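Visitor:
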Amino acid sequence: HRHVENRSVQFYDGMSGIQILSGLSNVRDFLWKRCGVSGTLGLRDYYPYWKSKDMTAEGGKIFMFDPHTTCTKHALFFDDNIGFEDSHIVQPMSLRDPERRFF
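Sequential numbering from 30 applies to the sequence shown in this note's numbering.
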């Protein structure tokens, strides 16, 4: 895929089994539902968007979690590029307070 000319999201148009979601509520609802059942899910971040946000957490990979004590899901995020003072590559997002910033 390094030599393709179209690096936009439209690159995936017409590919079997590919679903592109837009909008926070659509992504949140899809992920929360899928993460509630057994299975495998592959996700791909969109580098041009992260770069357009100056490679900051604001455009980073979304890490959704529910901090409430009644939540039965254990949220994990692995990435060797997360910084302690500035996550820059990940955007932690509480499902109960999506506007809150954690870094």
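All C-beta atoms, glycine included, are put in the ideal place defined by N, C-alpha and C.
Here the structure is a predicted model, which means the values were calculated and not measured.
Compute the beta-carbon to beta-carbon distance between Val119 and Gly71, rounded to the nearest angstrom, for a pair I have assumed lies under 8 Å.
Guide: Position 90 of the sequence shown, counted from the first residue, corresponds to residue 119. Position 42 of the sequence shown, counted from the first residue, corresponds to residue 71. So it is not a contact: roughly 18 Å between Cβ atoms.
Visitor: Would you kindly check if the distance between the Cβ of Leu124 and the Cβ of Arg57 is under 8 Å?
Guide: Here residue 57 refers to the residue found at position 28 when the sequence shown is read from its first residue. Here residue 124 refers to the residue found at position 95 when the sequence shown is read from its first residue. It is a contact, given that the beta carbons lie within the stated cut-off.
Visitor: Is it right to say Pro121 is buried, meaning 16 or more other beta carbons lie within 10 angstroms of its own, or is it exposed?
Guide: Within the sequence shown, residue 121 is the residue found at index 92, counting from 1. It is buried - the Cβ of Pro121 has at least 16 other Cβ atoms within 10 Å.
Visitor: Only counting the same chain, and skipping five residues up and downstream in sequence, which positions put a Cβ closer than 8 Å to that of Ile49?
Guide: The residue given as residue 49 occupies position 20 in the sequence shown. Around Ile49: Val38 and Tyr41.
Visitor: DSSP has Lys90 in a bridge; who is on the other side?
Guide: Residue 90 sits at position 61 when you count from the first residue of the sequence shown. Val119, per the DSSP bridge assignment.
Visitor: Out of Met84, Ser45, Ser67 and Gly68, state which residue places its alpha-carbon closest to the alpha-carbon of Tyr75.
Guide: The residue labelled residue 75 in the question sits at position 46 within the sequence shown. Comparing Cα-Cα distances from Tyr75 to each of Met84, Ser45, Ser67 and Gly68, the minimum goes to Met84.
Visitor: Assign Asp58 to one of three DSSP states: helix, strand, or coil.
Guide: Start at 1 with the first residue of the sequence shown, and residue 58 comes out as number 29. In the structure shown, Asp58 sits in a helix (DSSP, three-state: H, G or I).
Visitor: Please report how far the alpha carbon of Arg129 lies from the alpha carbon of Thr101, in whole angstroms.
Guide: Working through the sequence shown from its first residue, we reach residue 129 at position 100. Working through the sequence shown from its first residue, we reach residue 101 at position 72. Between Arg129 and Thr101, the C-alpha separation is close to 22 Å.
Visitor: With a threshold of 7 Å, establish whether the CB of Asn55 neighbours any heavy atom of the ligand ADP.
Guide: Ligands displayed in this structure: none; no statement on the ligand ADP is therefore possible.
Visitor: Per DSSP, Asp126 is paired with what?
Guide: In the sequence shown, counting from the first residue as 1, residue 126 sits at position 97. Ser123.
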